[in-house]
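Trainee: Respectively, the protein sequence lines represent chains A and B.
Just so you know, we're using our numbering here: the first sequence kicks off at 17 and counts up by one.
Just so you know, we're using our numbering here: the second sequence kicks off at 17 and counts up by one.
Even glycine gets a Cβ: it sits at the ideal position worked out from N, Cα and C.
The model shown is predicted, which means the values in this text are computed figures rather than measured ones.
There are 2 protein chains.
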Amino acid sequence: MNASTQPVVTAHRPEFASWLGNTNEITRTFLAAGSIPDLINLAGGLPAPELLPTDQLASIVEEVIRQHPAETLGYGPIEGLNDLRLTLAERFSTASLRLKKENILVTTSGMQALDLLGKVLLNEGDPIACQFPTYLGALDAWRPRQPRIRNVAFDSADFDAVAALKGVKFAYSVPNFSNPTGKQVTEPVRHALVDAALASGTWLIEDDPYGTLNFDGQNPPRLINLASNNNAAEQYNGPIVYLGTVSKQIAPGLRIGWVIASTEMIEALTLAKQGSDMCTSGLTQRVALHALRNGLIESIQSRAVDLYRERRDVMCKALSTHLSEWYEWDVPIGGMFVWAHARNPQLNTNELLKHAMQNAVCVSPSSVFDATGTHQQALRLNFTLNPPEKIIEGVKRLASATRQLMESN
Amino acid sequence: MNASTQPVVTAHRPEFASWLGNTNEITRTFLAAGSIPDLINLAGGLPAPELLPTDQLASIVEEVIRQHPAETLGYGPIEGLNDLRLTLAERFSTASLRLKKENILVTTSGMQALDLLGKVLLNEGDPIACQFPTYLGALDAWRPRQPRIRNVAFDSADFDAVAALKGVKFAYSVPNFSNPTGKQVTEPVRHALVDAALASGTWLIEDDPYGTLNFDGQNPPRLINLASNNNAAEQYNGPIVYLGTVSKQIAPGLRIGWVIASTEMIEALTLAKQGSDMCTSGLTQRVALHALRNGLIESIQSRAVDLYRERRDVMCKALSTHLSEWYEWDVPIGGMFVWAHARNPQLNTNELLKHAMQNAVCVSPSSVFDATGTHQQALRLNFTLNPPEKIIEGVKRLASATRQLMESN
């Protein structure tokens, strides 16, 4: 069968693009960790599998294919299904935030929105400002565009929004229950960020996958609502780019997210999406639409909030019992993560990860949330994936790993 | 609700990335054209909707969710579901082409594979060699990386594979029923391309969405088979990167494609996919896997070949009746397209498109398949989407449009 006369040579292949020399493989390790038996995964950002609405979705998918065969199985508009865009525009509109479907782009996961934003905004070397520490996936998404990243601690005493946004292509924030710290950006800081974006014109990305997971009350206003027009008749045209997803609210396997932005930005992102995957699956879009229209999303949310509040409490109690000697943390009021900071600056969490894996527990070291990789004194701990007994056992293993690390120093 | 004290300003927004100044919107026009009433769309590359296996897929999706809830609805491995990768490795393995799952990456559509290849191989300004005329979607996918494109006519008398591949990061070909021309790359040219790739180490992308749509016989060997190892025990490690998709074989709405390549390339693409959409939907992957395992794909293929052969004949007969005065073409032996070349060099197909739309028929002008936009003497005509009477009516409208154009000159 092989009619070629020459042997296969692998020497002298062209070099890969330069950014590939600068990647981390931690996310891949985390996703693969799911298949290691007995390992307790406190590292990822995975929802509780028992919240997946299996029976409802099995019925919904069959129904939407039979009712909408061309839309679910054929090619569709790059921007997303018309009905889904209309539904999202209506869902996020308020008296002062006037959204039309032209303000909405459906994306193949929230991650794709980050990728598309990098494509349309970044030339190589462009400066951006990122809430620090920064969501690992955002750093992954933008790495091929090779931006210069300005780390900004939104909760530091000398935070200056105008200085933070000065001269950058965009600023990036996860205002609700930030990945990785689980903290909320305060209302005064939100105002400062929005005012700085409005004054400078700089794009401000509001990435909000966790906003619906508030255990104790209401979130401060969204950035995009703070930036909405005073003229209620006017369609939204502000500099805030809001990102949402169904991954934490219905099911990650649907890979459905969305962007809410000015029409100018939606049009640019649409051109980028055209060359990225042409269009998002009409099947998974229709399923998401069905869940949005028929209350499924609210029923899951209410169960998720109750379940995750309980698991947060279990984790924080276990941390107090087993780990307070070495770490300090704030109790998060929502989201999926506790951010545990080492009391001893000699406690290096990159080093800790190796001991943790040997003790069959996986955690996320702070270095992966820092574009420079230099922050090595904290851990992101997920409390949503595991049932209480596994959370407690995971924290105990982490205590063993920490003890081994500190004794080996 | 609006606590901001400043008005919304839109002036002085940061500029978009430089590549956005250089995009075309033709694909978007085509996708949107589907919603214009009475317009006959000969422009796209859409499969016949009557071939969509609606009932079978409606049953399959329900079944796979109930049987595999975590895999279909949760996050999955970046590289794709293990079972799907194994099935694809087995399906494409031969006595001399030894594939393991590490040679396979599942992608969110064939388009995503092109996007990922651009990300991992191209720095700004890198040279690539493209079969000319070139698939529009590939040009869209690579535009954000700003390559320098070397147009290569594989069927020209002075074609020189070694010269074509010299110094480029990769070469790109659609060997079977090329988009846009519908032609096959001949067996001698395939050998020449593969030999040049093996000798130089240059990556050679074999994009094969149409290979299963051969109406009259067998395709020449795949490039990847020509490059396979003589040593049958050795895992594939050659420079050919093969791209497949279920879009033309099962349903585009699943957005499932795959890459077959050396493990080195698969690993690089996986890093790029991590920052692009994290993972492909487990739901649509499981549906594709089910269709691959249970013969659905073969039953659709056999119906597609019969239906499309008939429609090709209808289109070519209508062209002979109504358009032979102005155009010449080869009868394609497979795929989805006829490439009609203007006899008169004054017949500009960009100009023709305007007349065509006025006559309620949409066609693809050759300029969109040329990175420089200068080829304006041909049309790509799709014969798979429409039933015979619409194909004939579409060709008649195209004849009216051509007559109007030529009379207005």
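In chain order, which alpha helix (DSSP H) runs of at least 4 residues are fully inside the segment 32-107 of chain B?
Mentor: As far as the segment 32-107 of chain B is concerned, its whole alpha helix (DSSP H) runs of at least 4 residues are 42-49, 70-83 and 85-89.
Trainee: What did DSSP end up calling residue 276(A) once you bin it into helix, strand or coil?
Mentor: Of the three classes helix, strand and coil, the one that applies to residue 276(A) here is strand, per DSSP.
Trainee: Measure the beta-carbon distance from residue 363(A) to residue 382(A) and round it to whole angstroms, keeping in mind my assumption that it falls under 8 Å.
Mentor: Their Cβ separation, rounded to whole angstroms, is 11 Å, which puts residue 363(A) and residue 382(A) out of contact at 8 Å.
Trainee: I'd like to know whether the C-beta of residue 373(A) is nearer than 8 Å to at least one C-beta of chain B.
Mentor: Chain B contact via Cβ: absent.
Trainee: Below 8 Å between beta carbons: does that hold for residue 258(B) and residue 276(B)?
Mentor: In this structure, residue 276(B) lies closer than 8 Å to residue 258(B) by Cβ.
Trainee: From residue 25(B) to residue 215(A), what does the alpha carbon distance come to, in whole angstroms?
Mentor: Low confidence applies here, because residue 25(B) scores a pLDDT of 46, under 50, leaving its location unreliable and the question unanswered by this model.
Trainee: Mind checking residue 278(B): buried by the 16 CB within 10 Å criterion, or exposed?
Mentor: Classification of residue 278(B): buried, given that the 10 Å Cβ count is 16 or more.
Trainee: Which class does residue 222(A) belong to by DSSP, given the choice of helix, strand or coil?
Mentor: Three-state DSSP puts residue 222(A) in a strand.
Trainee: Please list the terminal residues of the continuous beta strand (DSSP E) segment that includes residue 144(B).
Mentor: Segment 143-147, the beta strand (DSSP E) holding residue 144(B).
Trainee: Using three-state DSSP, classify residue 206(A) as helix, strand or coil.
Mentor: Here residue 206(A) sits in helix by DSSP.
Trainee: Measure the C-alpha to C-alpha separation of residue 63(A) and residue 316(A) and round it to an integer number of angstroms.
Mentor: The alpha-carbon atoms of residue 63(A) and residue 316(A) are separated by roughly 11 Å.
Trainee: Using a beta-carbon distance below 8 Å, is residue 119(B) in contact with chain A?
Mentor: False, the Cβ-Cβ gap to chain A never drops below 8 Å.
Trainee: Kindly list, in the order they appear in chain A, the residues whose Cβ is closer than 9 Å to that of residue 153(B).
Mentor: Simply 290, 291 and 294.
Trainee: Would you mind listing the beta strand (DSSP E) stretches within the segment 297-362 of chain B that are 3+ residues and don't spill past its ends, in chain order?
Mentor: Qualifying beta strand (DSSP E) stretches, in chain order: 353-358.
Trainee: Near residue 161(A), which residues of its chain fall below 6 Å by C-beta distance, leaving aside the five closest residues on each side in sequence?
Mentor: Within the same chain, residue 161(A) has close Cβ partners 134 and 138.
Trainee: Output the distance between the C-alpha atoms of residue 17(B) and residue 318(A), rounded to the nearest integer angstrom.
Mentor: Unreliable positioning characterises residue 17(B) in this predicted model, as indicated by a pLDDT of 36, which lies under 50. The coordinate reading is nonetheless provided below. Their Cα atoms are separated by approximately 25 Å.
Trainee: Buried or exposed, going by whether 16 or more other CB atoms sit within 10 Å of the CB of residue 88(B)?
Mentor: Its Cβ being crowded by 16 or more others within 10 Å, residue 88(B) is buried.
Trainee: Where residue 27(B) and residue 222(A) are concerned, what is the direct C-alpha to C-alpha distance, given to the nearest angstrom?
Mentor: In this prediction, residue 27(B) scores a pLDDT of 47, lower than 50, which makes its location untrustworthy; no coordinate-derived value is stated.
Trainee: How is the alpha helix (DSSP H) around residue 410(B) delimited, first residue to last?
Mentor: Residues 404-424.
Trainee: Taking a cut of 9 Å between CB atoms, which residues from the segment 353-382 of chain A lie near chain B?
Mentor: Listed by position along the chain: nothing, the set is empty.
Trainee: In terms of DSSP beta bridges, what is residue 161(A) paired with?
Mentor: Residue 161(A) is not bridged to any residue.
Trainee: Do residue 327(B) and residue 218(B) have their C-beta atoms within less than 8 Å of each other?
Mentor: It is not a contact, given that the beta carbons lie outside the stated cut-off.
Trainee: With DSSP as the reference, label residue 121(A) as helix, strand or coil.
Mentor: Strand, per DSSP.
Trainee: Residues of chain B with CB under 8 Å from residue 139(A), in chain order?
Mentor: Ordered by position in chain B, the residues that pass the 8 Å Cβ test against residue 139(A) are 33 and 34.
Trainee: Can you look up residue 231(B) in the DSSP assignment and give me helix, strand or coil?
Mentor: Coil.
Trainee: What does the alpha-carbon distance come out to for the pair residue 235(B) and residue 392(B)?
Mentor: Computed Cα separation, rounded: 30 Å.
Trainee: Helix, strand or coil for residue 241(B)? Go by DSSP, reduced to three states.
Mentor: Helix, per DSSP.
Trainee: Would you mind telling me which residues of chain B sit closer than 8 Å to residue 28(A), beta carbon to beta carbon, in chain order?
Mentor: Those within 8 Å of residue 28(A) in chain B are 216 and 217.
Trainee: Can you look up residue 190(A) in the DSSP assignment and give me helix, strand or coil?
Mentor: In this structure, residue 190(A) counts as coil in the three-state DSSP scheme.
Trainee: Below 8 Å on the Cβ atoms is my contact criterion, and I expect residue 335(A) with residue 356(A) to pass it. Report the Cβ-Cβ distance as a whole number of Å.
Mentor: Yes, they are in contact, since the Cβ atoms of residue 335(A) and residue 356(A) sit about 7 Å apart, within 8 Å.
Trainee: How long is the line joining the alpha carbons of residue 183(A) and residue 403(A), rounded to whole angstroms?
Mentor: Going by the C-alpha atoms only, they are around 46 Å apart.
Trainee: Taking beta-carbon pairs under 9 Å, can you tell me which members of the segment 157-172 of chain A lie near chain B?
Mentor: If the cut-off is 9 Å between Cβ atoms, the segment 157-172 of chain A has 157, 158, 159, 160 and 161 near chain B.
Trainee: Please tell me whether residue 189(A) has its Cβ less than 8 Å away from any Cβ of chain B.
Mentor: No, because no Cβ of chain B sits closer than 8 Å to the Cβ of residue 189(A).
Trainee: Output, in chain order, the set of chain B residues within a Cβ distance shorter than 7 Å of residue 77(A).
Mentor: Going along chain B in sequence order, the residues near residue 77(A) (Cβ under 7 Å) are 77, 78 and 81.
Trainee: Check each residue of the segment 308-333 of chain A: if its Cβ is closer than 7 Å to any Cβ of chain B, include it; give the result in chain order.
Mentor: Flagged: no residues at all.
Trainee: Name, please, each residue of chain B whose Cβ falls closer than 7 Å to the Cβ of residue 88(A).
Mentor: Near residue 88(A) (Cβ distances below 7 Å), the residues of chain B are 269.
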